[in-house]
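Chemist:
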Amino acid sequence: MKQAAFGEDNEHLSPREQLLRPMIDAIAQTMDLYGANFSYGQLYGIMFFEDKPMTLEEMKQVMNMSKSNMSYGVRSLIASRMVTKLDEKRERKELYVAETDFFQAFKNFFTLKLQREIDVMQEAMGTVMPELQELIQAKDTPEEERQACQRDLDKLQHAGEYYAWLQRFVSGLEEGEFFGGAGLPGRE
């Protein structure tokens, strides 16, 4: 899809390109809800509708952004597995393509984010919970402090149950457990 700078009103855009602009913005707004930069969401939206892989130079022209900012955006989209860098090149330039299967994009994005949350929280709980237990069992801990520590430990044990469930959910997503059932188009 050849476009002038995306952010500008441009009467030279084809009717198709004009129609897709609100959809591209909707994709960007949706990605923004989940913590992705709006401009990078627009880039993903543009790449989503592109019929062929794109180079950084092509993206730069479409988005009217600096090459360094564009490169950072592409790395961010690659890290979230929304875009893939291809092994092939065009005129010695790297080629990139967007994941166009929304089911796969959902799986890629959320398993990555949720796994990060699980890892961060379980690491912190793994450090804090044994220390709370020691404080509860220490003879010199004042009773009021012991009770507060016990309440905190109970909260963290409940959180641990949640993160164990969330890990099972993420594992199910990664294994395609939720995408093989009836009701998902093309996945019966």
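For reference, each letter of the sequence shown is one residue, going 751 to 938 in this note's numbering. Yeah, the Cβ is synthetic: ideal placement off N, Cα and C, and Gly gets one too. None of these values were measured; they are calculated from a predicted model.
1. Just to confirm before moving on: does the CB-CB distance between Gln-883 and Leu-903 stay below 8 Å?
2. What's the C-alpha gap between Glu-925 and Gln-900?
3. Taking one C-beta from the stretch 771-780 and one from the stretch 802-811 each time, how about it: are there three or more such pairs within less than 8 Å?
4. Quick check on DSSP: helix, strand or coil for Glu-884?
5. Does Arg-840 come out as helix, strand or coil in the three-state DSSP assignment?
6. Which ranges would you report for the alpha helix (DSSP H) in the stretch 759-842 if only whole runs of at least 4 residues count?
7. What's the call for Ser-816, buried or exposed, on a 16-neighbour Cβ count within 10 Å?
8. Straight-line CA distance for Ala-786 to Glu-893?
9. Is the beta carbon of Tyr-790 sitting closer than 8 Å to the one on Ser-826?
10. From Leu-885 to Thr-891, what does the alpha carbon distance come to, in whole angstroms?
11. Pick out whichever of Ser-821, Ser-830, Tyr-846, Thr-780 has its Cα sitting closest to the Cα of Glu-800.
12. For Ala-909, list the residues DSSP reports as bridge partners.
13. Does the separation of the CB atoms of Met-832 and Glu-844 fall below 8 Å?
14. Can the beta-carbon of Met-813 be found closer than 8 Å to that of Met-804?
Modeler: Here's the rundown:
1. yes
2. 37 Å
3. no
4. helix
5. strand
6. 765-783, 788-799, 806-813, 817-829
7. exposed
8. 46 Å
9. yes
10. 6 Å
11. Tyr-846
12. Answer by DSSP bridge pairing: none, since Ala-909 is not bridged.
13. no
14. no
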